[in-house]
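Residue numbers (the numbering used here): 2 to 416. Below: one structure, written as structure tokens.
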């Protein structure tokens, strides 16, 4: 039996469940406990005809223009676990196990497809089209972890969201199905969730599963039932109830609270896995307001703070949440891969390790530090609330240093 997929959770809430015409998106990224995630920004760019882009394992054709993106990613790979682009599109990835073994041969990772969808899609549907076209052309496969001793492979599911709609895209090899969501609360985790409501699919999907003998063509076509391993198809989402309890009031804060909840299992902290980073995005349905994306950049959201980022031109880069770069000497880039593990911790990550030992060893000091950090987070949330409710248009100069300043202030507290 294949190794269990890490139990990440992602959520989206639409009005009237969410507050004031806002679409709210969130994800906890559960990964191997010691893996470092960085938060990186790439400006929009024009590319020469014929140029290539080097993804984690393979090189593919570049497109003429890529959108600006902000990503939370395991720092050894090219793609991302989750992120957003300048057009208010958010994408998160889930590793899933299906009855088809995932390929060990190196192709695109689900995480590469997150970044490619964001760089190339100006709406959720465009991002979906990009991802499925690339799957068709290049396939998915290769090691999901920085592990030289064994290859961990998974299929991919995605939650793709913009200001108007969301798409749940689930894949097995190059085959896929997708459901469009425009209302209510939706949660996806590391299991297939699509059943009979399918709004788009691979043109050969049904022929393929009939040829495999997985579906007889007479019963309703249920994607999860057809593709899940027999014992695997359960209702996964414990966080959905907590969100639905909020009534019509789901805000950034409500999403953060759900992501911090260890009792529900949404905030993973187990022997092998930890929530290594989290994101919450608030997408106003009115396009005259900016989208706000909150990143932790550190493990365990219950001990981290969510810091806001807004896309503007010349946004200030934040080296303190970026891991060191090892260029072509990176063991992730050499074949055979992952023969050693370099120290990928960034400055904020190291500061957090110190804070974490304080929280564990000195309860009084630890709780005091946590209170200060949460106060800092609250100030950020309130400032963003102000931006999303005022009538005058946002002056970009006001937020060009926003994420930089939040990280800086957080580091000062740890000093």
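Every residue, glycine too, gets a C-beta built ideally from N, C-alpha and C. All of these numbers come straight from a predicted model, not from anything done at the bench.
Mind checking whether residue i and residue j have CB atoms under 8 Å apart?
i: residue 476; j: residue 157; result: The question about residue 476 has no answer, for the chain in this structure spans 2 to 416.
i: residue 177; j: residue 136; result: yes
i: residue 435; j: residue 359; result: As displayed, the chain neither begins before 2 nor continues past 416, which places residue 435 out of reach and without an answer.
i: residue 42; j: residue 316; result: yes
i: residue 160; j: residue 253; result: no
i: residue 132; j: residue 118; result: yes
i: residue 193; j: residue 24; result: no
i: residue 397; j: residue 313; result: yes
i: residue 30; j: residue 279; result: yes
i: residue 327; j: residue 188; result: no
i: residue 162; j: residue 245; result: no
i: residue 54; j: residue 121; result: no
i: residue 164; j: residue 288; result: yes
i: residue 171; j: residue 181; result: no
i: residue 356; j: residue 77; result: no
i: residue 147; j: residue 342; result: yes
i: residue 267; j: residue 10; result: yes
Which one of the options has the shortest CA to CA distance from residue i?
i: residue 84; options: 176, 168 and 282; result: 282
i: residue 201; options: 401, 130, 378 and 304; result: 130
i: residue 346; options: 356, 38, 244 and 331; result: 38
i: residue 115; options: 100, 104, 91 and 105; result: 91
i: residue 339; options: 67, 118, 150 and 206; result: 150
i: residue 263; options: 288, 301, 139 and 395; result: 301
i: residue 220; options: 209, 170, 78 and 197; result: 197
i: residue 382; options: 310, 331, 402 and 248; result: 310
i: residue 415; options: 16, 398 and 370; result: 370
i: residue 199; options: 187, 213, 179 and 336; result: 179
i: residue 107; options: 86, 134, 152 and 95; result: 152
i: residue 6; options: 138, 190, 49 and 87; result: 190
i: residue 403; options: 293, 372 and 356; result: 293
i: residue 173; options: 185, 155, 88 and 44; result: 155
i: residue 286; options: 361, 343 and 20; result: 20
i: residue 395; options: 325, 344, 337 and 290; result: 290
i: residue 111; options: 126, 125 and 95; result: 95
i: residue 124; options: 134, 87, 140 and 138; result: 87
i: residue 105; options: 144, 257, 18 and 227; result: 144
Taking the alpha helix (DSSP H) that residue i falls in, what are its first and last residues?
i: residue 73; result: Run containing residue 73: none in the alpha helix (DSSP H); it sits in the beta strand (DSSP E), 70 to 75.
i: residue 241; result: 240 to 245
i: residue 228; result: 224 to 228
i: residue 127; result: 125 to 139
i: residue 41; result: It is not in any alpha helix (DSSP H) - residue 41 instead sits in the beta strand (DSSP E) that spans 38 to 43.
i: residue 258; result: 253 to 260
What did DSSP end up calling residue i once you bin it into helix, strand or coil?
i: residue 360; result: helix
i: residue 347; result: coil
i: residue 51; result: coil
i: residue 470; result: A query on residue 470 cannot be resolved here, the shown segment of the chain reaching from 2 to 416 and no further.
i: residue 18; result: coil
i: residue 94; result: strand
i: residue 461; result: The question about residue 461 has no answer here: the residues shown for the chain are numbered 2 through 416.
i: residue 298; result: coil
i: residue 60; result: strand
i: residue 3; result: Confidence at residue 3 is low in this model, with a pLDDT of 44, below 50, so the placement of that residue should be treated as unreliable; the coordinate-derived value is given next. Here residue 3 sits in coil by DSSP.
i: residue 397; result: helix
i: residue 85; result: strand
i: residue 66; result: strand
i: residue 149; result: coil
i: residue 205; result: coil
i: residue 115; result: helix
i: residue 270; result: strand
What first and last residue would you give for the beta strand (DSSP E) that runs through residue i?
i: residue 407; result: First-last for residue 407: 403 to 415, but that is the alpha helix (DSSP H), not the beta strand (DSSP E).
i: residue 27; result: 23 to 33
i: residue 318; result: Neither: residue 318 is in no beta strand (DSSP E) and is coded neither H nor E.
i: residue 171; result: 167 to 173
i: residue 187; result: 186 to 190
i: residue 156; result: 156 to 162
i: residue 280; result: 274 to 285
i: residue 182; result: 176 to 182
i: residue 310; result: 308 to 310
Leaving out five residues on either side along the sequence, give the residues of the same chain with a beta carbon under 6 Å from the beta carbon of residue i.
i: residue 40; result: 73, 296, 298 and 322
i: residue 3; result: Here residue 3 scores only 44 on pLDDT, less than 50, and its place in the model is too uncertain to base an answer on.
i: residue 16; result: 22
i: residue 36; result: 75 and 277
i: residue 1; result: Since the first and last residues shown for the chain are 2 and 416, residue 1 lies out of range.
Under 8 Å Cβ to Cβ from residue i, same chain only, skipping five residues before and after it: list those, please.
i: residue 411; result: 306, 308, 349, 352, 374 and 377
i: residue 46; result: 66 and 67
i: residue 405; result: 317, 318 and 319
i: residue 354; result: 346
i: residue 409; result: 321
So, at 7 Å on beta carbons, what are the nonlocal neighbours of residue i in its own chain, with the 5 sequence-adjacent residues on each side left out?
i: residue 222; result: 197, 207 and 216
i: residue 56; result: 79, 80, 109 and 113
i: residue 209; result: 176
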